[in-house]
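Peer 1: Each step along the sequence shown adds one to the number in UniProt numbering, with nothing skipped, and position 152 is 152.
Note that beta-carbon positions come from the ideal geometry of N, C-alpha and C, so glycine has one too.
Everything numeric in this text was worked out from a predicted model, so none of it was measured.
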Amino acid sequence: MQEKQEQVEGKLQEIQEKQEHIEGKLQEMQEKLQHVDINLQVPCPVPYTDVGGKCLYFHTATNDTWLNKETLCIGLDGHLLKIDDANLFYDIVNHVKAKEPDTTYFWIGGSDAATEGDWRWTDYTKVKMGTPFWGTYSMKTPQLQEPQGGTRENCICLNKNLMFYFHDYSCNYEFAGICEHNES
Ligand SMILES: [Ca+2]
Numbered sequence: 001m002q003e004k005q006e007q008v009e010g011k012l013q014e015i016q017e018k019q020e021h022i023e024g025k026l027q028e029m030q031e032k033l034q035h036v037d038i039n040l041q042v043p044c045p046v047p048y049t050d051v052g053g054k055c056l057y058f059h060t061a062t063n064d065t066w067l068n069k070e071t072l073c074i075g076l077d078g079h080l081l082k083i084d085d086a087n088l089f090y091d092i093v094n095h096v097k098a099k100e101p102d103t104t105y106f107w108i109g110g111s112d113a114a115t116e117g118d119w120r121w122t123d124y125t126k127v128k129m130g131t132p133f134w135g136t137y138s139m140k141t142p143q144l145q146e147p148q149g150g151t152r153e154n155c156i157c158l159n160k161n162l163m164f165y166f167h168d169y170s171c172n173y174e175f176a177g178i179c180e181h182n183e184s
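(1) Based on Cα-Cα distance, which residue from 115, 145 and 109 lies nearest to residue 129?
(2) Which runs of the beta strand (DSSP E), 3 residues or longer, sit entirely within the UniProt domain "C-type lectin" (51–180)?
(3) Under the assumption that residue 180 contacts residue 81 (Cβ atoms under 8 Å), give the Cβ distance between them as a whole number of angstroms.
(4) Which term fits residue 69, buried or exposed, when burial requires 16 or more other beta carbons within 10 angstroms of its beta carbon?
(5) Using the rule of at least 16 other Cβ atoms within 10 Å of the residue's Cβ for burial, across every protein chain shown, is residue 96 buried or exposed?
(6) Just mark residue 59 as buried or exposed, buried being the case when its beta carbon has 16 or more other beta carbons within 10 Å.
(7) Using only alpha-carbon positions, find the residue among 134, 138 and 151 that is nearest to residue 116.
(8) Thinking C-alpha only, which one of 141, 110 and 132 is nearest residue 122?
(9) From 86, 16 and 92, pick the residue whose C-alpha is nearest to that of residue 132; which is it?
(10) At a threshold of 7 Å, does residue 146 count as lining ligand 1 (C-beta to nearest heavy atom)?
(11) Got a sec? Which residues, its chain only, sit under 7 Å from residue 26 by beta carbon, not counting five neighbours each side?
(12) What residue from 83, 120 and 64 has the CA that sits closest to residue 52's CA?
(13) Taking the alpha carbon of residue 153 as the reference point, which residue from 56, 168, 140 and 159 has its own alpha carbon closest?
(14) Just to confirm before moving on: does the CB-CB distance between residue 119 and residue 175 stay below 8 Å?
Dropping the structure here:
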């Protein structure tokens, strides 16, 4: 009987030692995990590419009106690009300069076609006016800021020749377009 008890105690001690060993390993792993930077970011769906944390598609193969570009973006589960953040604007301009050097004009999502002077993105949120988004109207009147086109110009374009600042253009002009995926 005593022999059995000693056997059981021996086993128990063995188990306790193993448990301590496992706990030690677990602590080691937890310490290591604190240094692992797990990237759970889901890649952008085709044909979109990640720019400044947004999934964007630069459609430069053909030029088209603002409305037709928006229709194309909607067909790709997106909409014409919304820029309401200066850091995002910076990332997009630098991406365009590096990756799309052959295109001069890009439609983005802002428009005041519904109500003159009331600029909206395609999700109906207000477009931020003034600096640092909108460009200068002309070299002759540097104090005058865009938009200045009245009812003739109701859509926002980024123009390489004007440092990619927002400018209002006639929505019927045919330019490249930048789509933004709906989930980004
Ligand atoms: Ca207008």
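Peer 2: From the atom records:
(1) Considering only alpha carbons, the answer is 145.
(2) Qualifying beta strand (DSSP E) stretches, in chain order: 54–64, 78–80, 105–111, 155–159 and 166–169.
(3) The Cβ separation is near 5 Å, so the contact holds.
(4) Flag for residue 69 reads buried.
(5) A buried status is given to residue 96, since no fewer than 16 other beta-carbon atoms sit within 10 Å of its beta-carbon.
(6) Looking at its Cβ environment, which holds 16 or more other Cβ atoms inside 10 Å, residue 59 is buried.
(7) That would be 151, whose Cα lies nearest to the Cα of residue 116.
(8) Closest by alpha carbon: 110.
(9) If you compare the alpha carbons of 86, 16 and 92 with that of residue 132, the shortest gap goes to 86.
(10) No.
(11) Here the set comprises nothing.
(12) Nearest option by C-alpha distance: 83.
(13) For the residues 56, 168, 140 and 159, the minimum Cα distance to residue 153 belongs to 168.
(14) The answer is no: Cβ separation not under 8 Å.
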